[in-house]
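Asks: Okay, so the sequence shown: first residue is -8 according to my numbering, each after it adds one.
Can you keep this structure in mind? I'll have questions shortly.
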Amino acid sequence: MDNYIIWFVLGLALAGTEMLVGTFYLLVCGIAAGIGGIVALAGFSLPIQLLAAALCAVAGTLWLRRNPISRPTGPQSLDLGQRVEVEHWKSATQLRVRYRGAGWDAELATAITDQDLPVELYIIGQRGNTLLVALMPPAA
-8 MDNYIIWFVL GLALAGTEML VGTFYLLVCG IAAGIGGIVA LAGFSLPIQL
42 LAAALCAVAG TLWLRRNPIS RPTGPQSLDL GQRVEVEHWK SATQLRVRYR
92 GAGWDAELAT AITDQDLPVE LYIIGQRGNT LLVALMPPAA
């Protein structure tokens, strides 16, 4: 079996595995194997094929590290801005709320000094299993 066939099969296997795993590093290695196959098809020796594939893999990996895949910015939680009902107050900033039919520990962003404690608050964030709440919903 010729070297270029081995390179191309390896490249396709790596690219196919990337679809299952979801990292772009395997795709870079698959492309590097394809480059090795092209170099083999051009008639270069095995050390040159390995060098070309290695250089392509290193260059692609460095490029991926410098240019990360863009992720959506901003809040990802669908709970932000949702209203919660206060079950009871533990302290000026710690309380228990009801949200979606379940009880949650919550922390108020700013302490309330008024005697009239609110009955409804809004989710502005989450820290672990503790909801961060405020008097007003977060700005959109």
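Just so it is clear, CB atoms sit at the ideal spot from N, CA and C, and this is done for glycine as well.
Owing to the predicted nature of the structure, the values given are computational and were not obtained by experimental measurement.
Going by DSSP, what residue range makes up the alpha helix (DSSP H) through V0?
Replies: Run containing V0: N(-6) to V12, per the alpha helix (DSSP H) assignment.
Asks: Can you list, in chain order, the residues of its chain with a C-beta nearer than 6 Å to that of W(-2)? Leave out the 5 residues immediately preceding and following it.
Replies: The residues are A24, G27, G28 and A31.
Asks: Answer with buried or exposed for A102, where buried requires no fewer than 16 other C-beta atoms within 10 angstroms of its C-beta.
Replies: Flag for A102 reads exposed.
Asks: Put R91 into one of helix, strand or coil per three-state DSSP.
Replies: Three-state DSSP puts R91 in coil, outside helix and strand.
Asks: Whose CA, out of L112, A93 and T52, lies closest to the CA of A100?
Replies: Of the candidates L112, A93 and T52, the one whose C-alpha sits nearest the C-alpha of A100 is L112.
Asks: Could you check the C-alpha separation between L5 and Q40 for me, to the nearest Å?
Replies: Near 17 Å, if we compare the C-alpha coordinates of Q40 and L5.
Asks: Distance, Cα to Cα, R56 vs V19?
Replies: One C-alpha to the other measures close to 12 Å.
Asks: Given a cut-off of 8 Å, decide if L126 and I114 are closer than it, judged by their beta-carbon atoms.
Replies: For I114 and L126, no; Cβs fall outside 8 Å.
Asks: What three-state label does DSSP hand V30 in the structure shown?
Replies: DSSP places V30 in helix when its eight states are reduced to three.
Asks: Quick one: residues in its chain with C-beta nearer than 7 Å to the C-beta of A48, no 5 flanking neighbours on either side, listed in chain order?
Replies: Cβ neighbours of A48 beyond the five flanking positions: V19, C20 and A23.
Asks: Rank Q117, G94 and T8 by C-alpha distance to the C-alpha of E78 and give the top, closest one.
Replies: Closest by alpha carbon: G94.
Asks: Answer with buried or exposed for L86, where buried requires no fewer than 16 other C-beta atoms within 10 angstroms of its C-beta.
Replies: Flag for L86 reads buried.
Asks: Pull up the distance between the alpha-carbon of P129 and that of L69, whole angstroms please.
Replies: If you take the alpha carbons of P129 and L69, they lie about 12 Å apart.
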